[in-house]
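Counting the sequence shown from 1 gives a position; the numbering used here is that position plus 100.
Glycine included, every Cβ here is placed at the ideal spot set by N, Cα and C.
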Amino acid sequence: MMWYAPSFVLGASGHAHLKVQGLSAGYGAFLVLRDLTLEIKPGLTVILGPNGAGKTTLLKALSGLIPRGGEVLLNGQALPVKTSEIVQRGMALVAEGRQLFPQMTVTENLELGGWLVGKAERTRRLEQAFTDFPKLRERAQQLAGTMSGGEQQMVAVARAMMSAPRLLMLDEPSLGLAPRMVDELLAITRRIADSGTTVLMVEQNVKKALAVADRGYVLERGTLVASGPAALLARSTVIREAYLGAAPAPVSSTSNSTPSSPVRA
Ligand SMILES: Nc1ncnc2c1ncn2[C@@H]1O[C@H](COP(=O)(O)OP(=O)(O)OP(=O)(O)O)[C@@H](O)[C@H]1O
Ligand SMILES: [Mg+2]
């Protein structure tokens, strides 16, 4: 039995389109991201890259958790600086490591995701979350800290969806999960994207992530080294050499210069 219903009504509140121009961000004097330019279109975008590349830093900068330079436009409007205002514009982050409240129940954790709306609306969204994630309804009163890693990740995603986001950002949602749970989680992110919430996901499962994503960016040492449609990235030599440990596929020698191919920076 699948854990989720076929549609996500939560979050279907309009497509977010993010334009990032010349973004820089870091920690104190340590600049991690330099002059990053990318576009998060409606659908599912995946950010790939080795450890320390700056993937988490990018999500933190877009969430207002660390200061940023450059221009970020959400549907044509400048993104606010403060996290609370960014959340109010419809951007939600599922951070690495889930960050649930372990001593609170599943229901209580979910309710926190709807803190911006009134009680009646929050109750409605909670009901919707239980429809979207039926397994969580069975576990409504269980303490979050006693759930399995995969279950906790479901709670974290459901909690983020409680804010009915236009843009859902996920930092390595499948980290530490068994292959079947990874598949379920990626299927859920695909469904969320299909029902109208733009998804920006950082993933280490390169092959699986590119299989569900529409587009991808590859980050290395704070700069972009490749971008393009997921299907093309999956076949690109940059990705294969760096992450899949496979010999490059025998693609035609001109494929890297055609406009629809992944762009190598
Ligand atoms: N709070 C911090 N203070 C100082 N440096 C930091 C901090 N957080 C991250 N960094 C540094 O910033 C760089 C990018 O880190 P980041 O966490 O964005 O990488 P990542 O791509 O998410 O890596 P991973 O795949 O391991 O999660 C690294 O060199 C890291 O050591
Ligand atoms: Mg990270």
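What's the gap between the Cα of Lys182 and the Cα of Lys235?
The residue given as residue 182 occupies position 82 in the sequence shown. The residue given as residue 235 occupies position 135 in the sequence shown. Going by the C-alpha atoms only, they are around 34 Å apart.
Throw me the rounded Cβ distance for the Leu179 and Val172 pair, which I believe falls under 8 Å.
For this step, residue 179 is matched to residue 79 along the sequence shown. For this step, residue 172 is matched to residue 72 along the sequence shown. Right, the Cβ-Cβ distance comes to about 4 Å (below 8 Å), so this counts as a contact.
Under DSSP, the beta strand (DSSP E) around Leu138 begins and ends at which residues?
Locating residue 138 in the sequence shown gives position 38, where the first residue counts as 1. From DSSP, the beta strand (DSSP E) with Leu138 extends over Phe130 to Ile140.
Considering only the alpha carbon of each residue, which of Gly128, Val146, Ser163 and Pro150 lies closest to Gly322?
The count along the sequence shown starts at 1 and reaches residue 322 at position 222. Per the Cα distances, Pro150.
Quick check: Phe233 and Met254, are their CB atoms within less than 8 Å of each other?
By one-based count along the sequence shown, residue 233 stands at place 133. By one-based count along the sequence shown, residue 254 stands at place 154. Taking 8 Å as the Cβ cut-off, Phe233 and Met254 qualify as a contacting pair.
Asn175 Cβ short of 7 Å to ligand 1 heavy atom set
Here residue 175 is taken as the residue at index 75 of the sequence shown, counted from 1. Every heavy atom of ligand 1 is 7 Å or more from the Cβ of Asn175, so no.
Residues near Val120 by beta carbon distance below 6 Å, same chain, minus five either side:
What you label residue 120 is simply residue 20 of the sequence shown in a count that begins at 1. Once the five neighbours on either side are set aside, the close Cβ partners of Val120 are Leu138 and Val172.
Taking the alpha-carbon positions, what's the Ile147 to Gly213 distance?
Within the sequence shown, the letter at position 47 stands for residue 147. Within the sequence shown, the letter at position 113 stands for residue 213. Looking at the two C-alpha atoms, the distance is approximately 24 Å.
Other residues of its chain near Leu226: CB distance less than 8 Å, five sequence neighbours each side excluded
Reading the sequence shown from its first residue, position 126 is the one you call residue 226. Cβ within range, chain order: Thr207, Leu210, Glu211, Gly214 and Met262.
Should Pro142 and Thr298 be called a contact, given that it needs their Cβ atoms to be closer than 8 Å?
Mapped onto the sequence shown, residue 142 falls at position 42. Mapped onto the sequence shown, residue 298 falls at position 198. Against a cut-off of 8 Å, the Cβ pair of Thr298 and Pro142 comes out as a contact.
Member of Leu165, Leu216 and Phe201 whose CA lies at the smallest distance from the CA of Leu193
Stepping through the sequence shown from its first residue, residue 193 is reached at position 93. Answer by Cα proximity: Leu165.
Hey, Gln315 and Gly328: beta-carbon distance below 8 Å or not?
Locating residue 315 in the sequence shown gives position 215, where the first residue counts as 1. Locating residue 328 in the sequence shown gives position 228, where the first residue counts as 1. As written in the sequence, residue 315 is Arg, which differs from the Gln given in the question. Yes.
Which residue from Gly197, Asp294, Ala313 and Pro273 puts its Cα closest to that of Ala331?
Here residue 331 corresponds to residue number 231 of the sequence shown, with the count starting at 1. Considering only alpha carbons, the answer is Ala313.
Neighbourhood of Leu200 by C-beta distance below 8 Å, restricted to the same chain and skipping five residues each side
Looking up residue 200 in the sequence shown gives position 100. Cβ within range, chain order: Asn209, Ala244, Gly245, Gln252, Val255, Ala256 and Arg259.
Using the three-state DSSP reduction, which class does Trp103 fall into: helix, strand or coil?
Sequence index remark: in the sequence shown, residue 103 carries index 3 (1-based). At Trp103, the pLDDT of 44 sits below 50, so the modelled position is not reliable; the number obtained from the coordinates is stated separately. Residue state, collapsed to three classes: coil.
Identify the residues that DSSP records as bridge partners of Ala192: which are they?
Stepping through the sequence shown from its first residue, residue 192 is reached at position 92. Bridge partners of Ala192: Leu268.
Are there 16 or more other CB atoms within 10 angstroms of the CB of Pro273, so buried, or fewer, so exposed?
For this step, residue 273 is matched to residue 173 along the sequence shown. Pro273 should be labelled buried.
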